[in-house]
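Below is one structure; the comments refer to it alone.
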Amino acid sequence: MQPTDLVRHDIAASNLLLGDSLFLSLGLPPGWELAPGVGRPEVIANHERGGKKWVASGRAWYVVFDAERRWAMELMLQVGALSRRWNRAPVGEVTEVTVHGHPATVRWREGRRGLFRRHTITFLRVEFDCPVSERHLVVEFSGRCPREGFEEMLAAIPYLRCH
């Protein structure tokens, strides 16, 4: 996948007191679209780095979908302070990628979700530190989409812009 193939989405949120802040810029493969998720984005704190106002602490939920193939997955973004690495035992399959020049950890796992009709769903979690914007970012895709859809998202992750 080439960066020119991706459709760029700047994911930002507003806060009455803090104003507009940018979470990140996500490139989606052709055919995939972004829609609002189950909750409104939460911005707890922001800061300015490199002439842009970034979310320094917050969460956002979206849905990414490919209408033609009828695939969809939930996208959760979480931003916080630069991490203090604790040695926790990873859950699931773990690999490494580079995101916008930063080393990132990729975790694949399966879990059950649902109240009355529980379904097994896939989780693809990418975590990394961005020293340029002074943030720790978590990008998590989850859903019942075939693994091929998750792999398309993972192929686009290195082109995500975090600063």
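One point on numbering: in our numbering, the residue at position 68 of the sequence shown is 68, and numbering is uninterrupted.
Glycine residues also receive a C-beta, built at the ideal position from the N, C-alpha and C atoms.
Nothing here was measured: the structure is a model prediction, and the numbers come from that model.
Beta-carbon separation (whole angstroms), residue i vs residue j, contact threshold 8 Å
i	j	result
G92	W71	At roughly 21 Å, the Cβ-Cβ gap does not stay under 8 Å, so G92 and W71 are not in contact.
A67	A56	Their Cβ separation, rounded to whole angstroms, is 34 Å, which puts A67 and A56 out of contact at 8 Å.
I11	L77	7 Å
L160	S25	7 Å
Reduced DSSP category for residue i - H, G, I as helix; E, B as strand; rest coil
i	result
L160	coil
S67	In the sequence as displayed, the identity of residue 67 is Ala instead of Ser. A67: coil per DSSP, three-state reduction.
R147	helix
P36	strand
E152	helix
Sequence-distant residues of its chain with Cβ nearer than 6 Å to residue i (five each side left out)
i	result
R69	none
Other residues of its chain near residue i: CB distance less than 8 Å, five sequence neighbours each side excluded
i	result
R49	V132, S133, E134, H163
R112	R118, H119, T120, I121
L154	V97, V106, L124, V126
A104	E96, V97, T98, V126, E127, F128, I157
Q2	none
Sequence-distant residues of its chain with Cβ nearer than 7 Å to residue i (five each side left out)
i	result
L6	G27, L28, P29, A156, Y159
* the region 118-134 contacting the region 144-156, beta-carbon criterion three pairs below 8 Å -> Result yes; three or more Cβ-Cβ pairs closer than 8 Å.
* **Unbroken stretches of the alpha helix (DSSP H), 4 residues or longer, contained in the region 78-129** => None, since the region 78-129 contains no complete alpha helix (DSSP H) of that length.
* **Inter-stretch contact at 8 Å, needing at least 3 Cβ pairs: the region 36-45 / the region 92-105** => Taking a cut-off of 8 Å for Cβ pairs, the region 36-45 and the region 92-105 do not touch, as fewer than three such pairs fall below it.
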